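With my numbering, you'll find the sequence shown wraps up at 481, consecutive numbering, no jumps.
Each residue gets a CB set at the ideal place from its N, CA and C atoms; glycine is no exception.
Here the structure is a predicted model, which is why all the values come from computation and not from measurement.
Quick notes on the structure that follows.
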Amino acid sequence: MRLSDFKKHKKEDWYVENCPASPIILSGVVKGITYKSTPKNSTYLLALFEKGEMDYITLIGDQDRIGGGIVRNQTKDKNYGKKQFRKLLKIRKEIEANFRRIKDKDLSKLSDREFLKEFKKYIELEQKERRVAGCADSFIFYSERRLAKLLNGFENKNEAMEVLARPVDPSFLNEAEMELIKIAEKLKKGVNIERLIRKHIDKYCWIKGSFVGGKEYAFEDALKEAKKLAKKDLKKEVERNEIWKKNAKTKEDFVADHRFNKEILAIKDLSSVFAKLQDVRKESTLIAAYLHSKFLSELARRRGAKIENLLMLCDYAEINSFVKRELTEDILNKRREAGFLVVFHKNEYRIFDDEKTISYIKNILRVEDKDVEEFPGTIASSGKTAGKARIVMNEKDVSKFEEGEILVSTMTRPDHIVAMKKAAAIITNEGGITCHAAIISRELGIPCIIGTKIATKVLKDGDLVEVDADRGVVKILEKKE
């Protein structure tokens, strides 16, 4: 695999997503998308890691080929999407069973051989899942573009796109918060909730993780959340968490009032399925992040290595080599300090760190953002408001977030929820109309514009911005000096 293999593509051929992430997160993900994937493989996946962030780069042509194929399959078989989802659920059960088996296992008692065997097991399960669920991104990005084209000339195009893509199932965040609401109800009645809290954090021990790594969901965290909920109107909290129950009827009523063609109806049905499929996939990713942290902590102990360097491992083969002392920590440390590119193709991957290749990739990432006064995006939740922007990329940013600010991020994640609940509006670089930011903003009833590509590049903390999610435009009213 050489630079020339993918350099033949023009800058506009690539689709870029960005988020804080560690290379280890790729270990169980990417080969499940480029090799033996259902319904089709992606050709190339590129991941550039620098300063704790990942630029995840895919071909728009792959999205169209895979996403278009999914829609065509659905038009031929109305149960196609549901069949794919059932395949995923079967694998998800395997992942859960394996997770419960090793979650509390004392890894220090395992030999290197046994340790590697367990490491490999959960990574292979994640790859197995991605072969079914990896197509979700291609479908979501393709279907959004295709739906916009199919609805050209439609009087209420933005409303139609938002309604047709609404989820009709609860997310794992909904389910977790509903459990906490029930615990808060017990707390209000004076019931001792310690046992309930411990059961809750055992079930959702992985929920505070991210693409960077796992994070403990502590007893004190859950207790604090329950106490905070107990001070609120719990009936309203239940209604907010159960908005999804109304979506199915809203979608069907909307369809009944309009004459949509077969392709639009297929995208409507698939959007519901893939919203839940994405959610289940995110659960598995967070479970893997939890296990990565557990296993890397043990690997660090065994080899006297720094965890921040071990996070630079990006495939099981490398994990195996490091355990066998064939891959050195010096190489991983160099990756962390200098940055590097990983290119996946079929069942192979190659790491590039030369200046020529990195320069080519950075040209793909370069955004012309000089003197931008306003920029468009996709409407995820309608409404209009103004406020001060705050860039949210990590836990530290979440802790600084103040009530009424505009949350600006590359893409939102479950660990952003605390800030999202305080936000007057949300703006993201990435995301489709069934993404995390879209779903949560609708539940909260706040304006949200996604897929702007440049929000975090042109906005700074303290900038006064107007979010017009009726038109899909962000306007900079005043730049902070």
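Following the continuous alpha helix (DSSP H) through residue i, name the residue where it begins and the one where it ends.
{"i": "GLU263", "result": "262 to 303"}
{"i": "PHE154", "result": "PHE154 -> no alpha helix (DSSP H), and no H or E assigned at all."}
{"i": "GLU237", "result": "234 to 241"}
{"i": "MET178", "result": "172 to 188"}
{"i": "TYR80", "result": "80 to 102"}
{"i": "GLU114", "result": "112 to 133"}
{"i": "GLU308", "result": "307 to 310"}
{"i": "VAL255", "result": "244 to 256"}
{"i": "GLU194", "result": "194 to 203"}
{"i": "SER4", "result": "3 to 7"}
{"i": "ILE33", "result": "31 to 34"}
Since residue i and residue j should fall inside the 8 Å C-beta cutoff, what is the C-beta to C-beta distance between them, to a whole number of angstroms?
{"i": "LYS203", "j": "ILE193", "result": "Between ILE193 and LYS203 the Cβ distance is about 15 Å, and since that is not below 8 Å, they are no contact."}
{"i": "GLY28", "j": "ALA288", "result": "5 Å"}
{"i": "ILE197", "j": "ALA222", "result": "5 Å"}
{"i": "PHE274", "j": "GLY81", "result": "7 Å"}
{"i": "ILE433", "j": "ALA380", "result": "6 Å"}
{"i": "ILE482", "j": "ALA469", "result": "The requested residue 482 is not part of the displayed model; the chain covers only 1 to 481."}
{"i": "VAL492", "j": "LEU88", "result": "With the chain represented from 1 up to 481, any question about residue 492 goes unanswered, as that position is not in the structure."}
{"i": "VAL212", "j": "PRO20", "result": "5 Å"}
{"i": "PHE172", "j": "ILE201", "result": "So it is not a contact: roughly 14 Å between Cβ atoms."}
{"i": "ILE66", "j": "LYS83", "result": "At roughly 16 Å, the Cβ-Cβ gap does not stay under 8 Å, so ILE66 and LYS83 are not in contact."}
{"i": "THR357", "j": "LEU341", "result": "6 Å"}
Should residue i and residue j be called a contact, given that it needs their Cβ atoms to be closer than 9 Å?
{"i": "VAL372", "j": "ILE476", "result": "yes"}
{"i": "ASP353", "j": "LYS334", "result": "yes"}
{"i": "LEU311", "j": "ILE60", "result": "no"}
{"i": "ILE364", "j": "ARG390", "result": "no"}
{"i": "ILE427", "j": "VAL367", "result": "no"}
{"i": "SER210", "j": "LEU286", "result": "yes"}
{"i": "VAL467", "j": "GLY383", "result": "yes"}
{"i": "LEU164", "j": "SER271", "result": "yes"}
{"i": "GLY431", "j": "THR385", "result": "no"}
{"i": "ARG130", "j": "GLY68", "result": "no"}
{"i": "GLU242", "j": "PRO170", "result": "yes"}
{"i": "ILE95", "j": "TYR56", "result": "no"}
{"i": "HIS292", "j": "SER22", "result": "yes"}
{"i": "PHE49", "j": "VAL343", "result": "no"}
{"i": "ILE17", "j": "MET393", "result": "The identity of residue 17 in the sequence shown is Glu, whereas the question assumes Ile. No. Outside cutoff."}
{"i": "GLU162", "j": "TYR316", "result": "no"}
{"i": "TRP244", "j": "ASN347", "result": "no"}
{"i": "LYS105", "j": "GLU126", "result": "no"}
{"i": "ASP77", "j": "SER138", "result": "no"}
{"i": "LYS103", "j": "LYS294", "result": "yes"}
{"i": "THR38", "j": "LEU45", "result": "no"}
{"i": "LEU116", "j": "ILE319", "result": "yes"}
{"i": "ARG166", "j": "THR75", "result": "no"}
{"i": "GLY462", "j": "LYS388", "result": "yes"}
{"i": "THR452", "j": "PHE375", "result": "yes"}
{"i": "GLU486", "j": "GLU237", "result": "The first residue shown for the chain is 1 and the last is 481, placing residue 486 beyond what the model contains."}
{"i": "SER143", "j": "VAL71", "result": "yes"}
{"i": "ARG113", "j": "SER284", "result": "no"}
{"i": "GLU216", "j": "LYS208", "result": "yes"}
{"i": "THR482", "j": "HIS345", "result": "As displayed, the chain neither begins before 1 nor continues past 481, which places residue 482 out of reach and without an answer."}
{"i": "LYS460", "j": "LYS480", "result": "yes"}
{"i": "GLU478", "j": "LEU464", "result": "yes"}
{"i": "LEU277", "j": "PHE154", "result": "no"}
{"i": "VAL398", "j": "ALA424", "result": "no"}
I'd like the span of the beta strand (DSSP E) that includes residue i, first residue to last.
{"i": "ALA47", "result": "45 to 50"}
{"i": "PHE211", "result": "It is not in any beta strand (DSSP E) - PHE211 carries neither H nor E in the DSSP assignment."}
{"i": "GLU225", "result": "Here GLU225 belongs to no beta strand (DSSP E); instead the alpha helix (DSSP H) covers 219 to 230."}
{"i": "VAL342", "result": "340 to 345"}
Using a beta-carbon distance below 9 Å, is residue i in contact with chain B?
{"i": "ILE66", "result": "As a matter of chain content, chain B is missing from the structure shown, which is built from one protein chain."}
Per DSSP, which one or two residues make a beta bridge with residue i?
{"i": "PHE322", "result": "Per DSSP, none; premise fails for PHE322."}
{"i": "MET54", "result": "CYS19, PHE49"}
{"i": "TRP14", "result": "LEU59"}
{"i": "GLU478", "result": "LEU464"}
List in chain order: all unbroken alpha helix (DSSP H) runs of 4+ residues lying wholly within the region 348 to 387.
-> 355 to 365
Jot down the residue ranges of each uninterrupted beta strand (DSSP E) in the region 389 to 440, minimum 3 residues, whole runs only, in chain order.
-> 406 to 409, 425 to 428
Can you list the beta strand (DSSP E) stretches of 3 or more residues lying completely in the region 434 to 476, in chain order?
-> 448 to 450, 464 to 468
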